[in-house]
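One structure is given here, and the rest of the page talks about it.
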Amino acid sequence: MASKVEGWKDEVYGEEVRDHLFRFAEEGWSAIPDEEHDAWFERFKWWGLYHQRKGQESYFMMRIGTPNGRMTPEQLRVVGEIARDYATGPVDNPEFGDAYCDWTTRQSIQMHWIQLQDIPEIFEKLEAHDLSTIQACGDSWRNIVGSPMAGRDADEHIDAWPVIKELNETFKGNDDHSNLPRKWKVAVTGDTRGSGQAEINDLGFEPATKDGRRGFNVTVGGGLSRKEPRFARDIDVFVTPETLPDVAGGLSALFRDNGDRDDRFNARIKFLVDEWGTEKLRRVLQEEYVDFELPSAGEDLREGYTYNSGRSDETGDYVGVHDQVDGQNFVGLSVLVGRMGAEDVIELADLAEEYGSELVGLTQRQNIVVADIADEDLDEFLAEDLLENYSPDPHPFMRGSVACTGTEYCSLSIVETKNRMVRYARWLKDNVELPEGLTDFHIHLSGCTASCAQPQIADISLRGMKTRKNGEPVEAFDIGLGGGLGENPQFADWVEMRVAADEVPGYIENLLGIYEERRDEGESFREFIARHTDDELNGLAEPEETSYEDPYLGNTKLTWYPYADDSDMDAAPTPADD
Amino acid sequence: MTTSVHQLDDGAWLSVNDSREVNVSDLWWLARQDFCDCEMADFLAEGFVEIGVDHPDVEGRVAGQCIACGESGVTDWLTLGRVVDPDEGEFYAVDPTSVHVPERRRRLARPAES
């Protein structure tokens with residue numbers, strides 16, 4: 014029996030949802046019939062709108078999909094202005110103020126506190142600048158990810174931007190692919206860093222060479238959610254930029270026709286790959302979905318990958334100053350947990366334009382990159398005041414911190430995330446001496462098993478949990494170690510379970526002390542973890558209370574908003590008719 | 172009026188008549204349970220897997236973990252609350268912090284609506 018969501022999708026889904034959305038916007042929140050809330054909120058996702066959690070009724074998170082995270086400075090300014098003008102909630106966030114943008118781990122943009130009546134105006138502003146929320150959430154082609162600096166990065170195998178643009182144009186608003194069994198995440202990596210992180214996507218294209226031709230190998234069925242992490246599996250197919258769209262469309266159609274529409278928990282293509290195996294998947298693709306002979310895979314470039322790779326010799330994360338193919342530079346700026354104040358976004362857009370940049374890009378590490386800075390302007394650009402907060406040369410604890418949305422807005426999350434990660438990073442920076450030579454250290458903090466902060470592929474993986482302290486429930490984390498991508502991708506081993514949130518910084522301090530003491534010469538943190546057995550890792554370091562103070566230790570989910578003076582659920586600014 | 176029940180947003184919450192009633196992330200005390208070896212499981216609800224109605228109870232099977240012993244999995248059917256008068260539709264949630272007894276269903280029950 015098809016799931017309830019499938020029933021709602023059968024009635025109305027895809028582009029037509031927009032007309033209804035605009036009607037509701039005009040008539041007001043109360044025009045959405047009470048008994049149809051769930052159906053409409055599910056459908057609104059297709060247009061990038063996600064109803065915020067309990068206690069925040071009538072407010073929406075809005076996601077804008079920017080392929081490869083790319084924008085012009087002008088587009089960035091529009092994003093900042095929309096955040097400033099429409100994304101202000103009833104209460105300020107103590108770390109980030111009243112209006113901000115979140116750069117996500119899939120190179121998209123999220124804003125909160127969006128109200129229904131403002132949506133037509135927001136869409137008009139976005140679309141006037143070639144931006145859109147289309148399919149940013151929901152069961153279809155999501156934002157395509159890859160190198161934000163494609164075509165400019167000197168460390169590039171092939172410029173994938175033209176084919177990514179083609180995919181975006183072909184599969185956004187395409188009726189044949191607009192209603193899939195579940196989300197469909199696609200990564201196309203053309204650089205030699207491996208920055209697309211194709212390994213954790215439903216469909217991945219990894220740089221490869223075959224018979225002297227540059228192109229991509231195809232992988233299917235990656236994903237991290239629900240304690241069921243999978244690396245995308247190699248289906249032994251090589252594509253060129255010319256054949257890539259046909260294969261991508263074929264696989265999307267194969268998923269549309271064969272994915273599980275009865276059970277949403279089993280619907281992602283990773284489960285179909287588990288069931289079928291790669292040989293059957295390839296055979297069905299060949300026989301039913303493409304009309305040319307699929308070549309076998311080419312030679313990959315994994316050995317040279319540097320992005321989130323845990324190497325001690327190179328960090329491929331775009332932060333800092335890097336060469337472009339045209340002799341100019343791109344400058345990657347660290348944005349702690351990916352959250353940037355609206356005014357800062359506007360200021361950065363102005364700066365980028367002032368320096369002649371035609372491109373800014375978001376990375377999967379929640380950072381932002383400004384391209385096209387000439388050699389002669391570089392010193393001046395690097396000395397701009399704004400770069401004190403968004404540094405091109407950040408402390409490793411700032412540089413490596415990634416966090417999801419958390420209980421501030423998200424229904425699924427078990428714990429507070431972004432503000433806590435900010436406090437962790439600051440405390441670690443102020444209190445923990447870095448082991449010599451440690452320049453890159455990734456802490457990914459995710460509020461739950463949905464894994465939006467990609468916790469399984471970090472040096473330190475934090476996944477939201479609960480525990481009791483003196484009998485009282487407190488927010489906590491499971492701690493994993495040793496995950497990352499690169500030549501040999503590895504999911505973290507979960508080694509310390511249910512550690513109270515205020516004991517996590519002490520654990521990290523203790524662990525880094527042990528690493529410094531026992532590491533071999535030149536051994537990266539990830540390599541150090543990899544040479545230990547699971548048994549050795551369990552209890553390797555002790556969680557410990559320190560001078561770190563955690564203001565969010567109680568149950569932030571019981572509040573309507575964790576940072577409100579009166580945060581009690583009964584104090585929620587709920588619409589009168591709700 | 173029929174009572175509409177379902178889980179939504181990847182099992183983040185139980186909806187009753189299109190209103191978000193029970194959320195994940197609470198701790199539930201479970202007694203007489205097969206979920207783990209603890210006498211009482213201190214169960215963290217991480218996701219609603221299946222929802223059903225056994226009038227007047229709204230029940231669910233919930234994915235999560237006992238934070239005392241670490242066992243994780245899916246519970247048997249737990250009463251999440253009641254709709255005493257389906258015409259009125261008001262949902263009365265149980266208090267997660269009291270003690271609950273999961274039950275194996277004696278009959279097949281997968282009514283999306285009752």
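Line by line, the protein sequences are chains D and B.
Start counting the first sequence at 14; every next residue gets the next number (the numbering used here).
Start counting the second sequence at 172; every next residue gets the next number (the numbering used here).
For every residue, glycine included, the Cβ atom is placed at its ideal position computed from N, Cα and C.
- One alpha carbon belongs to D/L524, the other to D/G369, and they sit about 45 Å apart.
- Under the DSSP definition of a beta bridge, D/I386 partners with D/N342.
- If you look at D/V332, you'll find it isn't in any beta strand (DSSP E); DSSP assigns it neither H nor E.
- Using a CB distance below 7 Å, the part of the segment 178-210 of chain B facing chain D consists of L179, D180, D181, A183, W184, S186, N188, D189, R191, N194, V195, S196 and L198, ordered along the chain.
- Residues of the segment 434-461 of chain D with a C-beta less than 7 Å from any C-beta of chain B: C461, listed in chain order.
- Given a length threshold of 4 residues, each whole run of the alpha helix (DSSP H) inside the segment 544-571 of chain D is given here in chain order: 547-550.
- Below the 7 Å Cβ cutoff, chain B contributes G241 as neighbours of D/M510, in chain order.
- By the neighbour-count criterion, in which 16 or more other beta carbons inside 10 Å mark a residue as buried, D/T430 falls on the buried side.
- Neighbours of B/E259 in chain D, taken as residues whose beta carbon is under 7 Å from its own, are absent, since the nearest beta carbon is some 14 Å off.
- Less than 8 Å divides the Cβ of D/A280 from the Cβ of D/R195.
- Taking 8 Å as the CB threshold, D/E306 stays off the interface with chain B.
- For D/H64, the uninterrupted beta strand (DSSP E) segment begins and ends at L62 to H64.
- Rounded to whole angstroms, the separation of the alpha carbons of D/V30 and B/A234 is 32 Å.
- D/R352 and D/S71 have their C-alpha atoms spaced approximately 23 Å apart.
- Look at D/T418 here: in three-state DSSP terms it is coil, with no helix or strand label.
- In the structure shown, D/L216 adopts extended strand secondary structure according to DSSP, grouped into three states.
- Under DSSP, D/I282 shares a beta bridge with no residue.
- D/L375 is classed as buried because its beta carbon has at least 16 other beta carbons within 10 Å across all chains shown.
- Around the beta carbon of D/S309, fewer than 16 other beta carbons sit within 10 angstroms, so the residue counts as exposed.
- Under the 10 Å beta carbon count, D/N81 is surrounded by 16 or more other beta carbons and is classified as buried.
- Exposed is the label assigned to D/M14, since fewer than 16 other Cβ atoms lie within 10 Å of its Cβ.
- With respect to chain D, the C-beta atom of B/L215 has a partner C-beta closer than 8 Å.
- Contacts with chain B (Cβ-Cβ distance below 7 Å) from the segment 352-377 of chain D involve no residue at all.
- Here D/Q123 is bridged, per DSSP, to D/R76 and D/D115.
- In the three-state reduction of the DSSP assignment, D/F394 falls in the helix class, which pools H, G and I.
- For D/H457, the enclosing beta strand (DSSP E) stretches over residues I456 to S459.
- Separation of D/S426 and D/E219 (C-alpha to C-alpha, rounded to the nearest whole angstrom) is 32 Å.
- Sequence-distant partners of D/R274 (beyond 5 residues in either direction) whose C-beta falls short of 6 Å from its own C-beta, in its chain, are A15, E19 and P194.
- Sequence-distant Cβ neighbours of D/A554 in its own chain, meaning closer than 7 Å and more than five residues away, are Y520, N523, L524 and I527.
- For a Cβ distance threshold of 9 Å, nothing in chain B lies close to D/A514: the least Cβ distance comes to about 13 Å.
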